[in-house]
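Below is one structure; the comments refer to it alone.
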Amino acid sequence: RQKITVRLAPKVDINDVRSESIRLKEIDLRRQMENKDSPDKSDSKHKSPGPTSSTARRRGTIVSLRSDSNLSPAPENSNDWFISQLSVMKSFPSSICSFLIPCYIASGECPRPGLLNYDVANTLFLQVHCPIVRPELIVISDYGQTTIDFGSASIGQELSRTVLIQNITNKTIQVN
518 RQKITVRLAP
528 KVDINDVRSE
538 SIRLKEIDLR
548 RQMENKDSPD
558 KSDSKHKSPG
568 PTSSTARRRG
578 TIVSLRSDSN
588 LSPAPENSND
598 WFISQLSVMK
608 SFPSSICSFL
618 IPCYIASGEC
628 PRPGLLNYDV
638 ANTLFLQVHC
648 PIVRPELIVI
658 SDYGQTTIDF
668 GSASIGQELS
678 RTVLIQNITN
688 KTIQVN
């Protein structure tokens, strides 16, 4: 009789977080460009529409296209990185991963650790289905950091920290 332990620890793909951080930076740049263009739009209402306004729009798009190509992902452990990670978790699609684990069955005792005399015909295949879903609750305080540093506390002193969590499902969750 042998116990087999299967451990599943799904994590968000780092490449997805990098892509999301670039996407969020692009959105911020577009907002900044729109905010810069909004005073121009109010002035253009008083002026007659002409080729200068379309030229300005073309220049704005050229600038935004050039700046989009030079964007780099947020550095890890920065606030922007944690915001990107939260965004990826909120939109994480559910999936099921299946694994086929071969279990080699050997008879007798093992003469040396790591050296088993087994027959391939005595292989048991264990199929494991692992549903991977997004979390129901996420931490939104401190940019999603799940580690809280209380600092040093003297004996008899009482410290408390507030953590904000958000329900990202459609159902009601009771937290005690």
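Here the sequence shown is numbered in my numbering, starting from 518 and rising by one per residue.
By construction, the Cβ of each residue, glycine as well, lies at the ideal position given by its N, Cα and C atoms.
Note that the structure is predicted; figures quoted are calculated from it, not measured.
Given residue i as reference, the closest of the options once Cα atoms are compared
i, options, result
"Arg678", "Ser658, Phe599, Ile690, Val645", "Ser658"
"Ser624", "Val680, Pro630, Gly631, Tyr635", "Tyr635"
"Glu543", "Lys528, Asp597, Arg524, Lys688", "Asp597"
"Asp530", "Asn552, Ser608, Lys553", "Ser608"
As assigned by DSSP and simplified to three states, the class of residue i
i, result
"Ser561", "Residue placement at Ser561 is flagged as unreliable, the pLDDT there being 49, under the threshold of 50; a coordinate-derived value is accordingly withheld."
"Ile622", "strand"
"Ile613", "strand"
"Asn693", "coil"
"Asn684", "strand"
"Leu541", "helix"
The beta strand (DSSP E) enclosing residue i, as first and last residue numbers
i, result
"Lys525", "The residue asked about is misnamed: residue 525 is Leu in this sequence, not Lys. Counting along the chain, Leu525 falls outside any beta strand (DSSP E), and DSSP gives it neither H nor E."
"Phe642", "635-649"
"Ile665", "Taken as a continuous stretch (DSSP letters only), Ile665 belongs to no beta strand (DSSP E), as it is neither H nor E."
"Val656", "654-656"
Beta-carbon gap between residue i and residue j smaller than 7 Å
i, j, result
"Pro610", "Thr640", "no"
"Ser612", "Ile649", "yes"
"Arg535", "Pro590", "yes"
"Thr663", "Val656", "yes"
Buried or exposed (CB count within 10 angstroms, at least 16 for buried), residue i
i, result
"Phe616", "exposed"
"Gln602", "buried"
"Gly661", "buried"
"Asn532", "exposed"
"Phe667", "exposed"
"Arg575", "Since pLDDT at Arg575 reaches only 38, below the 50 mark, its modelled position is unreliable, and no value is offered."
"Glu626", "exposed"
Min CB distance residue i to chain C below 7 Å
i, result
"Ser536", "Going by chain labels, chain C is absent from the structure shown, which holds only one protein chain."
Element boundaries [alpha helix (DSSP H), containing residue i]
i, result
"Leu603", "596-607"
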